[in-house]
Every structure is written in structure tokens, then in C-alpha cells.
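K.L.:
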Amino acid sequence: MMLCCRLKLQHIRPTLLVSRIYQPTSLRDVGQESRQGEMTCKSQRLMQQAGLIHPSNPGCYYYLPATVRSMEKLVRVIDQEMHGIGGQKLDMPSLCSADLWKTSERWDLMGKELLRLKDRHGVDYCLGPTHEEAVTTLVAHQAHLSYKQLPLLLYQITRKFRDEPKPRFGLLRGREFYMKDMYSFDVSEEAAYQTYESVCQAYTRLFARLGLRCVQVQADTGNIGGKLSHEFQLPADIGEDRLLVCGDCSFSANVETMSSDRTDCPQCKTGTLVESRGIEVGHTFYLGKKYSQVFNATFSNAQNKPSVAEMGCYGLGVTRILAAAIEVMSTEEGIRWPGLLAPYQVCVLPPKKGSKMDEVAVLADNLVHTLGEALPGLRGEVVLDDRTQMTIGKRLKDASRLGYPYVIVVGQGALEETPRFEVICQQTGETMFLGQDGLLDLLGRVETV
Ligand SMILES: [Zn+2]
Numbered sequence: 010m011m012l013c014c015r016l017k018l019q020h021i022r023p024t025l026l027v028s029r030i031y032q033p034t035s036l037r038d039v040g041q042e043s044r045q046g047e048m049t050c051k052s053q054r055l056m057q058q059a060g061l062i063h064p065s066n067p068g069c070y071y072y073l074p075a076t077v078r079s080m081e082k083l084v085r086v087i088d089q090e091m092h093g094i095g096g097q098k099l100d101m102p103s104l105c106s107a108d109l110w111k112t113s114e115r116w117d118l119m120g121k122e123l124l125r126l127k128d129r130h131g132v133d134y135c136l137g138p139t140h141e142e143a144v145t146t147l148v149a150h151q152a153h154l155s156y157k158q159l160p161l162l163l164y165q166i167t168r169k170f171r172d173e174p175k176p177r178f179g180l181l182r183g184r185e186f187y188m189k190d191m192y193s194f195d196v197s198e199e200a201a202y203q204t205y206e207s208v209c210q211a212y213t214r215l216f217a218r219l220g221l222r223c224v225q226v227q228a229d230t231g232n233i234g235g236k237l238s239h240e241f242q243l244p245a246d247i248g249e250d251r252l253l254v255c256g257d258c259s260f261s262a263n264v265e266t267m268s269s270d271r272t273d274c275p276q277c278k279t280g281t282l283v284e285s286r287g288i289e290v291g292h293t294f295y296l297g298k299k300y301s302q303v304f305n306a307t308f309s310n311a312q313n314k315p316s317v318a319e320m321g322c323y324g325l326g327v328t329r330i331l332a333a334a335i336e337v338m339s340t341e342e343g344i345r346w347p348g349l350l351a352p353y354q355v356c357v358l359p360p361k362k363g364s365k366m367d368e369v370a371v372l373a374d375n376l377v378h379t380l381g382e383a384l385p386g387l388r389g390e391v392v393l394d395d396r397t398q399m400t401i402g403k404r405l406k407d408a409s410r411l412g413y414p415y416v417i418v419v420g421q422g423a424l425e426e427t428p429r430f431e432v433i434c435q436q437t438g439e440t441m442f443l444g445q446d447g448l449l450d451l452l453g454r455v456e457t458v
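For the sequence shown, the numbering used here gives the first residue as 10, with consecutive numbering after it.
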């Protein structure tokens, strides 16, 4: 009976304790040393050290719980932006039939990057790196698709596979990763361009909400095909893409699309092009009828005659955005997240055990509950670093490494007549001393998703 009551109590008070969060920082193979010959980078090192990811086989990682929390937040932001432009989420099989890929001729064109396999009947399949074939077939199967139902924007956020010759840089170039891929179907070329533009605007809004500087550059259409294409690039030293950016106007292009020694801007004619490096986090393609023709994806037009749909496709590297954001925002010692994506927003630090401040520890515990009750947006976002056998200094160092946007130290000041808390805003590096009202006011403005 006693035991039963205790169990119940634990269920009523679900304080998130740092000691209980599965965020192993001492897994073997963690730290600077990576697998032989594999190139590493800041985000990979920081993510492994912080217990966010763990390497398995080349180009593949365990995404540990804090990473999954962060990714789920990113997915929610992406969903909001895609729904905002009329996108509808679906989920397509990862196991794709070779027949589809042979129809589009990409079974041969994709070469070794396509991960291929055979089932027990000897039938060929691939693990989908992208789904133009699959989605176009789906839409083609729909009899009586009316022009009134277009534009149709279908997207999914799923695991994708690519047989990278040299996986590297952690989540930036893996063989298995999460991608958002959207496909649009329109009645005309003009309508397709409008859809294309609205997706580009949604991408721009998304990166702005994450606080990431992103440039939209003209790009090569590669093996996806089509006439118009843009990449969304986060400027970063380790970026694998070389960009030419105009100093005077909005023009920017991938070096692949133009002669790399060109220095005059083709758009404004007066500006000078400067080369920089970027991490590609998004890609948009206007496809025209390339796939819809082949798979016969038609709709009935206003004259009730079948007409071939105009298509576009739009990718966002979900796991890559996470890693790239960490790459560009973090310091050498600690992760800094886009505020919206931090796995937890607040970490509360009670004093070290036995430091004659046990009553302060109770105050810290109470603070966690007060925050959770007063600020619904922070429910599930506040953790208590209960490892009180460690000094405040040591735990502060861990908190800095993990990058909680807000760290609250509950010390002597909490015992004063008007209690004060030390608050460290890790994104700005500011430290403040606030009473409970000031604290609620500050944290009440924290945006969560
Ligand atoms: Zn220019």
C-alpha cells in the first residue's frame, strides 16, 4: 500500500530531472576522435559531446532524446509554414519499386547514390532519396481530379536514404537523414510559378523564425530536372557549396551555375560578386511536365478535357537544418540553438548538497513547479539539475555546453526577504538578477512551439 502511494506521488510530480534524462555524455567513441578517415566539424563534435547523437555505422546516427525533442519542434514549425501555404501532409513508402524509377529513367541516372535492394522474390527496390515518381503516380491514379482542386501541395517529413561515397560532418552529410519533400500540382505554368514563389516565401519565413540568416541562390537543376531552381544556403565556413553573392543587390548564385571567375553582377550590373561558402538546407525546383507527362498525372480542365499537370518539388533537410543551425550559432565550447528549437528552454540549478543551503534546494524545486503552472507555454520545458553532488560551477559548465537558452541559479539570494534569482541568458551571454515577478515576465515572453 505504501509503495503504491509513493508511485502515485511520483506520477503527480513529473519534475524533469537532469539526472534522469537519457543524454549520455560518456559513450565510447565520443569526442574529437571520430571513425577513421571521416571528416568532422564543430556541430558533430558538440552534438556528440553533449549526448545529442551517437555514431552507429558510417553516415548513420542514433538521434538521442534531446535531439528528437528538438527535431519534433522543427517539424512543428515546418508544418505550420507548409499548412500556411495550403500544404497537406502525407506519408509515402520508403521502399520504392524499381519499375517507377525505370519509368522516369532515374534508376540508371542516379547511379550508385541510390540504395538498392531486392526482396525475396528477386524484385528490385530502392530506399527513396526523393519521391517525384511515387507522388506523381499517386496523383495519376486519381480519376476525376478537377482543376478546382488545384493547386495541390502534398508533402511528407520522412527518413531518406542516399549511398554517400564519403559520409562526413555528422548530420550534415549522412546516408540516412530526415527531409521534408513537397510536390506541387498546378493547372498552368503561370500558376506553377506562383506556387513556386509562395513556397520560397514560406522557406524565407521559416528561416527568419529560426533566427537563421539564409540566402536564396540560383542553382543547377541537376538530376531532378526542370527549368528553374533555387538553393537555400546558410553561409558557413565548412559549407560544401561555393556561392557568389552580390554586395549591392539580392543576387546570389551557386558557383556551379556560372563561371567562377566572374566578378560582375549579372542582375544589377554594378555590384561585385564575392565568393562565400554555404550549407545547403533547402532546394526548390520548377519541374514543368517532366514527371506528370511520363506518369500521366492529369486533371480535367475548365472545358472538362484532360490536361497534364505542371509540377514543382521542394526539399528541406530537416536533420541538416538542426546540425547547420548548431554549426553557425554555437561557440567552440557550447551549443547555441535557435530559441524555438532548444530541447529544453530553462534549466534550474539548486546549490550543491551539504552547502548549508538545503532549504534553497526546496525553493528551486518549487520554482520549477511555479514556472510550469504560471507559464503554460513552458510546460515540459523546464528541467531541474538535481545533480547536487556537483558544484554549481561544474553544472553551469554542462548547461553552457548543452545550450539551454535560460539558466536560473537558485542560491543565497533566494532566501532574502524579496527572493532574487541569477538568470543567465545563454544566447546573448547576459546575466541578470531577477525577483520572481521579473523572472515570470522574462520567461513569459519565451516563444515555444
Ligand atoms: Zn548585384
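By construction, the Cβ of each residue, glycine as well, lies at the ideal position given by its N, Cα and C atoms.
1) For the beta strand (DSSP E) containing G287, name the first residue and the last one.
2) Hey, is G8 close to ligand 1, as in C-beta under 7 Å from one of its heavy atoms?
3) Extract the residue ranges of the beta strand (DSSP E) inside the stretch 149-231, only unbroken runs of 3 or more that lie entirely within it.
4) State the Cα-Cα distance for the pair P474 and S309, rounded to the nearest angstrom.
5) So, helix, strand or coil for K362, using DSSP?
6) Quick check: the Cα distance between M320 and G220, rounded to an integer number of angstroms?
7) Which residues in the same chain as V39 place their Cβ atom closer than 7 Å to its Cβ, once the five residues preceding and following it in sequence are excluded?
8) Which same chain residues end up closer than 7 Å to D450 when comparing Cβ atoms and leaving out the 5 residues on each side of it in sequence?
9) Looking at the secondary structure, which residues open and close the alpha helix (DSSP H) in which P460 lies?
10) Can you give the beta carbon distance from V208 to I94, rounded, assuming they're within the 8 Å contact cut?
11) Name the DSSP bridge partner or partners of K441?
12) Assign D273 to one of three DSSP states: helix, strand, or coil.
13) Excluding five sequence neighbours on each side, which residues of the same chain lie with their C-beta closer than 6 Å to the C-beta of V377?
14) Any contact of the stretch 147-166 with the stretch 181-200, i.e. 3+ C-beta pairs under 8 Å?
15) Hey, how far is the Cα of Q421 from the Cα of R251?
16) Mind reading off the beta-carbon distance from P414 to Q445? Whole number of angstroms is fine, and I expect it under 8 Å.
17) By how many angstroms is the C-alpha of L325 removed from the C-alpha of Y2?
18) For ligand 1, which residues count as neighbours when the test is a C-beta closer than 5 Å to any heavy atom?
19) Taking its Cβ as the centre, do 16 or more other Cβ atoms sit within 10 Å of Y31, making it buried, or is it exposed?
20) Tell me whether R54 counts as near ligand 2, meaning its Cβ is closer than 7 Å to at least one heavy atom of that ligand.
21) When you compare the stretch 394-410 with the stretch 333-351, are there three or more beta-carbon pairs, one atom per stretch, that lie closer than 8 Å?
22) On the DSSP bridge list, what partners appear for Y71?
23) How far does the beta strand (DSSP E) with T307 in it extend, from its first residue to its last?
24) List the endpoints of the continuous beta strand (DSSP E) containing R454.
25) Could you tell me the distance, in whole angstroms, from the CA atom of S259 to the CA atom of S316?
P.N.:
Quick answer:
1) L282 to G297
2) Only positions 10 to 458 of the chain appear in this structure, which leaves residue 8 out of reach.
3) 161-170, 185-195 and 224-227
4) No information on residue 474 is available, as it lies outside the stretch 10 to 458 that the chain covers here.
5) coil
6) 30 Å
7) Confidence is the limiting factor: at V39 the pLDDT is only 42, short of 50, which leaves the residue's position unreliable, though a coordinate-based value still follows. Closer than 7 Å at Cβ, skipping near neighbours: Q57 and Q58.
8) none
9) This structure gives no information on residue 460, because the portion of the chain shown stretches from 10 to 458.
10) 6 Å
11) Residue 441 is actually Met in this sequence, not Lys. Answer is V432.
12) strand
13) T24, V357, V391 and L393
14) yes
15) 53 Å
16) Wrong, their Cβ atoms sit about 19 Å apart, outside the cutoff.
17) Lying outside 10 to 458, the shown extent of the chain, residue 2 is not represented and no answer is given.
18) C255, D257, C258, F260, C274, Q276, C277 and G280
19) exposed
20) Among the ligands present in this structure, namely ligand 1, ligand 2 is not found.
21) yes
22) H63
23) T307 to S309
24) No beta strand (DSSP E) holds R454; DSSP gives it neither H nor E.
25) 37 Å
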